[in-house]
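Participant: Residue numbers (my numbering): 566 to 1061. The following block contains the structure, expressed as structure tokens.
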Ligand code: SAH
Ligand code: SF4
Ligand code: F3S
């Protein structure tokens, strides 16, 4: 039957809904469809996730293992997937070999993210040879890519299910079909996307929570695949967000992170003038102890937002503000819609209004056509901003994006050299910024145990702290004296 589906696909050489023999359907992604943006109103669906009684025990006595790649959106999607699976009777395991169902929630952002997933699939294949009953699936952003789904159909036919980022609420039905037919079930919608308000969640932490405030992205930076894999920008209505935050408070949560690819544009797609500043104010007024938000796009960072962040003590003085490049020429080619000057101006305003601000960023080196001079411009901005830390990447061409078609004549060796030089500079400022904390007493939310068995948590400014102290502090925000400094973390002890 797997072969039959594949033949149908080849025969029609097209995507969309393809029926294999009238009994079920295969929906495949299409990058051209995924690119579409229309004025069609977003539908808010509050009853779409349904689990029939006959599916509630499908997973009884079975364990699932889920591996998550990529950003916090994916981490949060995995929290939804876990809750759905547990609604179906499955139990979570963190031991791969014990699992009856293995899901990979994947990321498409750079080629190495892809490679890691295909490497892991090799491991699962071995496992499946000894335990053929294992059900294996792939979801997340890679599932939205035409080329990936094709590759799975050709080279990974032994897999059981593939479902896209718009199909999570349909997981019970997709899984039921996969378990019944032992066929490769593929369901990936290439669409702008709706908002689903009734998907359950099993949160990884009891103290800090991810809260989606928007989905998708309409910025279409020329290097980036996210607008294709996640659909159109869709802001959640404020009342749903505030209800979720209030519910988290009543459960004892101390911290929320408001999530979106471009949170500063929150509300622009909703009727009226309610924007990110308004949302931050209203979330702050709920009284939750700590509020974070990510990711900010420099283009939409308005003065009202800065005022609100500086006014409320429970909005953390931490901003992740991706720079990508310090060269105006490259920023234009990237379609980022700001200049080095306007970026620096924004940083200056932020630092002035929020004195304890910690600032982090993302930078891409080796974008097609980046010259030594362009790269020097990036280094200059890093020197001026003195970031607390930065995620730095070598440009990775993504199929279907405009930058993948640009002429790229910089050698990998040169790109690596630039990355090394950039990282040296970033590390220097990371270390310098951390020095300021020595002997200071700072509030830390104790999240649990670190790798070495000590306590760990984060400061208001998002610095990781490894702490000596008693387990009874877990889940509380406590004063910690910083006793020593490393480039990427601090050490401290609890002071009462
Ligand atoms: N929405 C965020 C970024 C999300 S992706 C923003 O607009 O800033 C996270 C980071 O991955 C980006 O900031 C960028 O630095 C990096 N990235 C995205 N696409 C990339 C590509 N094709 N090659 C290398 N790095 C990339
Ligand atoms: Fe990608 Fe740009 Fe959207 Fe960020 S703003 S997700 S980099 S397209
Ligand atoms: Fe990766 Fe998709 Fe996030 S591409 S970075 S998991 S939105």
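Note that beta-carbon positions come from the ideal geometry of N, C-alpha and C, so glycine has one too. From a predicted model like this one, the values you see are computed outputs, not experimental measurements.
#1: Does DSSP classify residue 964 as helix, strand or coil?
#2: Round the Cβ separation of residue 881 and residue 787 to the nearest angstrom and send it over; I've been treating them as touching at under 8 angstroms.
#3: Which same chain residues, not among the five before or five after residue 1062, have their C-beta less than 7 angstroms away from its C-beta?
#4: Buried or exposed, going by whether 16 or more other CB atoms sit within 10 Å of the CB of residue 999?
#5: Among 1043, 1007 and 1055, which has the Cα closest to the Cα of residue 1030?
#6: Using the beta-carbon of each residue, find all residues closer than 6 angstroms to any heavy atom of the ligand SF4 and list them in chain order.
#7: Let me check understanding here. Comparing Cα to Cα, which of 857, 864 and 886 lies closest to residue 873?
#8: Here's a check: name, in chain order, each residue in its chain whose Cβ is nearer than 8 angstroms to the Cβ of residue 644, leaving out the five neighbours to either side.
#9: Measuring only the C-alpha atoms, how far is residue 707 from residue 716?
#10: With a floor of 4 residues, list each alpha helix (DSSP H) that falls wholly inside the stretch 974-1029, ordered by position along the chain.
#11: Less than 7 angstroms between the CB of residue 904 and some heavy atom of the ligand SAH, yes or no?
#12: When you measure from the CB of residue 940 to every non-hydrogen atom of the ligand SAH, does any distance come out below 7 angstroms?
#13: Using C-beta distances below 6 angstroms, list every residue in its chain close to residue 578, excluding the 5 sequence neighbours before and after it, in chain order.
#14: Is residue 680 near the ligand F3S, judged by its Cβ being under 7 angstroms from some heavy atom?
#15: Decide if residue 736 is buried, meaning its Cβ has at least 16 other Cβ atoms within 10 Å, or exposed.
#16: Alpha carbons only, please: which of 656, 1015, 710 and 723 is nearest the one belonging to residue 687?
#17: Sort 913, 944 and 740 by Cα distance to residue 927 and report the nearest one.
#18: Cβ of residue 654 within 8 angstroms of Cβ of residue 622?
#19: Per DSSP, what kind of secondary structure is residue 855 in: helix, strand or coil?
#20: Mapping DSSP to helix, strand and coil, what is residue 889?
#21: Beta-carbon within less than 6 angstroms of residue 1057's beta-carbon, same chain only, minus the 5 sequence neighbours each way: which residues are those?
#22: For the beta strand (DSSP E) containing residue 728, list its first residue and its last residue.
#23: Using the Cα positions of residue 918 and residue 1037, report the straight-line distance between them to the nearest angstrom.
#24: Please state whether DSSP places residue 908 in a helix, a strand or coil.
#25: Which residues mark the beginning and the end of the alpha helix (DSSP H) in which residue 943 is found?
#26: Would you kindly report the start and end of the unbroken beta strand (DSSP E) that includes residue 1049?
#27: Return the CA-CA distance between residue 891 and residue 603, expressed in angstroms with no decimal places.
#28: Are the beta-carbon atoms belonging to residue 961 and residue 750 less than 8 angstroms from one another?
#29: With a cut-off of 8 angstroms on the beta carbons, I'd call residue 601 and residue 757 a contact; round off their distance for me.
#30: How far does the alpha helix (DSSP H) with residue 600 in it reach, from first residue to last?
#31: I'd like the list of long-range same chain contacts for residue 800, defined as Cβ closer than 6 angstroms, with 5 residues on each side in sequence excluded.
#32: Going by beta carbon distance, what residues of the same chain come within less than 7 angstroms of residue 824, once the five residues before and after it are set aside?
#33: Is it right to say residue 970 is buried, meaning 16 or more other beta carbons lie within 10 angstroms of its own, or is it exposed?
#34: Could you tell me the alpha carbon to alpha carbon distance between residue 812 and residue 1034, rounded to whole angstroms?
#35: What did DSSP end up calling residue 1056 once you bin it into helix, strand or coil?
#36: Hey, is residue 907 close to the ligand SAH, as in C-beta under 7 angstroms from one of its heavy atoms?
Facilitator: So, from the listed chains and residues:
#1: In the structure shown, residue 964 sits in coil (DSSP, three-state: anything other than H, G, I, E or B).
#2: Incorrect: roughly 32 angstroms between the Cβ atoms, too far for contact.
#3: Outside the shown range of the chain (566 to 1061) lies residue 1062, about which nothing can therefore be said.
#4: That one is buried.
#5: It is 1055 whose Cα lies nearest to the Cα of residue 1030.
#6: Residue list for the ligand SF4: 782, 784, 785, 786, 789, 791, 792, 826, 827 and 862 (CB closer than 6 angstroms to any heavy atom, chain order).
#7: Nearest option by C-alpha distance: 857.
#8: So the qualifying residues of the chain are 766, 767, 768, 769 and 775.
#9: Whole-angstrom Cα-Cα distance: 11 angstroms.
#10: Listed in chain order, the complete alpha helix (DSSP H) runs (minimum 4 residues) inside the stretch 974-1029 are 977-1000.
#11: Outside the cutoff, so no.
#12: No heavy atom of the ligand SAH is found nearer than 7 angstroms to the CB of residue 940.
#13: Residue placement at residue 578 is flagged as unreliable, the pLDDT there being 31, under the threshold of 50; the coordinate-derived value follows with that caveat. Closer than 6 angstroms at the Cβ level, and outside the excluded window around residue 578, lies no residue.
#14: No, Cβ of residue 680 sits at least 7 angstroms from all heavy atoms of the ligand F3S.
#15: Burial call: buried.
#16: For residue 687, the nearest C-alpha among the options comes from 723.
#17: For residue 927, the closest alpha carbon among the candidates 913, 944 and 740 is that of 944.
#18: Yes. Within cutoff.
#19: Reduced to three states, the DSSP call for residue 855 is strand.
#20: DSSP places residue 889 in the strand class (E or B) of the three-state scheme.
#21: Only residues of its own chain outside the window of five on either side were considered, and among them 1030, 1032, 1045, 1046, 1047 and 1048 have a CB closer than 6 angstroms to the CB of residue 1057, listed in chain order.
#22: Residue range 726-728 is occupied by the beta strand (DSSP E) that includes residue 728.
#23: Roughly 36 angstroms separates the two Cα atoms.
#24: The answer is helix: DSSP assigns residue 908 an H, G or I state.
#25: For residue 943, the uninterrupted alpha helix (DSSP H) run begins and ends at 937-950, by DSSP.
#26: Where residue 1049 is concerned, the enclosing beta strand (DSSP E) stretches over 1042-1050.
#27: C-alpha of residue 891 to C-alpha of residue 603: approximately 33 angstroms in a straight line.
#28: No, these two residues do not count as a Cβ contact at 8 angstroms.
#29: With a Cβ gap of about 7 angstroms, residue 601 and residue 757 count as contacting.
#30: Boundaries of the alpha helix (DSSP H) around residue 600: 596-600.
#31: Excluding the 5 residues flanking it on each side, residue 800 has same chain C-beta neighbours closer than 6 angstroms at 779, 831, 832, 834 and 835, in chain order.
#32: Around residue 824: 637, 638, 641, 775, 776, 777, 778 and 859.
#33: With fewer than 16 neighbouring CB atoms inside 10 Å of its own CB, residue 970 falls in the exposed class.
#34: Computed Cα separation, rounded: 30 angstroms.
#35: Looking at residue 1056 - three-state DSSP - the assignment turns out to be strand.
#36: Answer for residue 907: no, Cβ out of range of the ligand SAH.
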